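Each residue of the sequence shown is one higher than the one before, starting from 1 at the first, in UniProt numbering.
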Amino acid sequence: MKTYLVTGGAGFIGSNFVHYMLNKYNDIKIINVDKLTYAGNLENLKGCEQNPNYVFVQADICDKEAIEDIFKNYDIDYVVNFAAESHVDRSIKMPEIFVQTNVLGTVNLLNIAKNNWETKDGFKAGKKYLQISTDEVYGSLGKEGFFTETTPLNPHSPYSASKASADMIVKAYFDTFKMPINITRCSNNYGPYQFPEKLIPLLINNCLNKNELPVYGDGMNIRDWLYVEDHCKAIDMVLNEGELGRVYNVGGHNERTNIFIVKTVIQYIHDNVDSTVDESLIKYVEDRKGHDRRYGIDPTRIKDELDWYPETKFEVGIVKTIKWYLQNKEWMENVTSGTYQDYYKKMYNNK
Ligand code: NAD
Ligand code: TYD
């Protein structure tokens with residue numbers, strides 16, 4: 001029975017991963033460690049609490065004692081580090097917390113895992129640390145080409161710079177100590193349980209409330225959209241079969257401009273929910289500082305080595321996603337109340 005230490009499992013991708021794994025396997029144990037920042041929400045894990053194979057611990061990944069306690073209480077086989085400050089706009093306003101959690105938190109986890117897994121004859125068998133990273137560490141693409149795992153790192157935002165720093169530390173633990181690690185770098189995820197500061201749930205929420213839809217710059221920036229369940233499947237495969245020390249890019253061939261996404265969401269809500277919702281809600285606002293123009297992943301390595309491919313076409317995934325938010329309006333109301341409201345007002349009212 002494998003025991004997983006999942007960090008940030010109350011956030012968007014982490015909670016999808018916990019659900020995915022508990023649905024797929026009944027012979028694993030998951031210890032979910034989350035600080036429960038504004039982005040972490042235990043409602044995302046409804047249904048898991050009753051599962052005897054699931055444990056929740058509220059803790060900061062930077063907290064040495066708390067993480068050591070978890071390793072004392074459980075024989076951890078896999079660490080899957082999702083915990084992070086994850087929003088680019090926030091990183092422009094408050095970079096320090098991104099370095100704290102994303103860099104120092106990662107070093108803390110690596111150090112404690114290493115201390116527990118290393119013996120005088122090397123690392124115990126069957127252990128692995130997986131860092132969940134992002135394609136944003138590669139910087140921005142022009143019209144042509146894709147990110148491969150050998151594209152040089154060239155992050156631009158404080159968020160992507162903190163993720164690139166963490167990746168370098170994880171790599172250093174492999175190069176220096178031969179610690180068993182993998183790094184995955186995925187593109188923009190979408191799906192259920194995403195906090196509505198990110199583009200797609202923000203658009204859905206604002207359409208339903210007839211609020212303006214802020215489009216940064218000319219709306220022609222491109223992201224390569226990955227349905228979150230496809231991502232969870234890739235993570236499971238990398239944990240089980242990924243070659244130690246290797247980076248795997250996850251995503252590919254679902255590139256869309258932001259304005260296309262905006263118009264797609266408007267069209268769906270117009271046709272299926274409220275015919276008064278239309279493109280008059282679009283508001284072009286000042287561009288994000290240092291806004292990366294295009295991300296696009298070449299998924300050849302993960303396809304060739306692990307036989308993974310992004311199965312969900314954007315047209316299918318976006319409908320599934322919008323339907324989920326329509327069926328979970330109470331979730332949206334809960335996560336957008338309180339601190340989020342204040343945060344949202346500050347972010348968008350001074351644009
Ligand atoms: P999220 O913001 O939805 O969730 C982050 C979670 O981490 C929250 O539950 C939060 O409470 C927790 N957390 C934050 N600081 C913590 C700390 N110090 N200690 C413990 N827990 C803490 O993020 P997400 O979108 O689910 O992203 C998960 C991971 O995937 C991140 O590492 C992010 O960089 C990476 N990633 C995300 C995307 C995306 O499109 N969402 C794309 C590429 C990479
Ligand atoms: P976001 O969801 O914040 O993800 P990331 O910055 O990590 O790619 O943003 C996705 C794209 O949408 C990005 O190009 C910025 C743009 N965007 C808007 O135009 N308006 C918004 O309100 C938000 C949140 C993002």
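C-beta atoms are modelled at their ideal positions from N, C-alpha and C, and glycine is treated no differently.
Since the structure is predicted, the reported quantities are computational estimates derived from the model, not experimental observations.
Close CB contacts of Pro158 within its chain, under the 6 angstroms cut and outside five residues either way in sequence, are with Ser91, Pro95, Phe98 (chain order). Remark: three or more beta-carbon pairs, one from each stretch, lie closer than 8 angstroms, so the region 178-195 and the region 213-231 are flagged as touching. Nearest in C-alpha terms to Val88, of all of Asp63, Pro155, Asn44, is Pro155.
A residue is called buried when at least 16 other Cβ atoms come within 10 angstroms of its Cβ; Tyr248 meets this threshold and is buried. A direct Cα-to-Cα measurement between Val335 and Leu199 gives close to 15 angstroms. Of all C-beta pairs linking the region 72-80 to the region 126-136, three or more are shorter than 8 angstroms, placing the two stretches in contact. Residue pairing of Gly122 in beta bridges, as defined by DSSP: Thr119. In this structure, Asn182 lies away from Met220, with their beta-carbon atoms at least 9 angstroms apart. At least one heavy atom of the ligand TYD is found less than 8 angstroms from the C-beta of Ile200.
Between the ligand NAD and the CB of Tyr138, the shortest heavy atom gap is not smaller than 8 angstroms.
By the Cβ rule, the region 1-10 counts as touching the region 32-50, because three or more pairs are nearer than 8 angstroms. Of Ser162, Asp167, Ile266, Gly142, the smallest CA-CA separation from Glu149 is found for Asp167. For the region 180-211, the full-length alpha helix (DSSP H) segments reaching 4 residues or more read 199-208 along the chain. In this model, Gly145 and Met21 are separated by some 34 angstroms (Cα to Cα).
For Glu85, the shortest separation between its Cβ and any heavy atom of the ligand NAD lies below 8 angstroms. Selection Gly290, Gln194, Asp230 evaluated against Lys329 yields Gln194 as nearest (Cα-Cα). Proximity of the beta carbon of Asn73 to the ligand NAD is not indicated: no heavy atom of the ligand is located closer than 8 angstroms. Its chain contains Tyr227 as the residues whose beta carbon lies nearer than 6 angstroms to that of Gly317, once the 5 sequence neighbours on both sides are disregarded; these appear in chain order. Ranked by Cα distance from Glu311, the options Trp331, Glu305, Ala234 are led by Ala234.
Sixteen is the threshold: since fewer than 16 other Cβ atoms of the shown chains lie within 10 Å of the Cβ of Val285, the residue is exposed.
Contact check between the region 61-72 and the region 104-115: three or more CB pairs, one atom from each, fall below 8 angstroms, which counts as touching. Scanning its chain for C-beta atoms nearer than 6 angstroms, with the 5 sequence neighbours on each side dropped, one finds around Leu5 the residues Ile31, Ile76, Val79, in chain order.
For the region 57-142, the continuous beta strand (DSSP E) assignments of 3+ residues that do not extend past its boundaries occur at 78-81, 128-134, in sequence order. Of the heavy atoms belonging to the ligand NAD, none sits nearer than 8 angstroms to the Cβ of Ser157. Per DSSP, the unbroken beta strand (DSSP E) holding Val215 starts and ends at 213-216.
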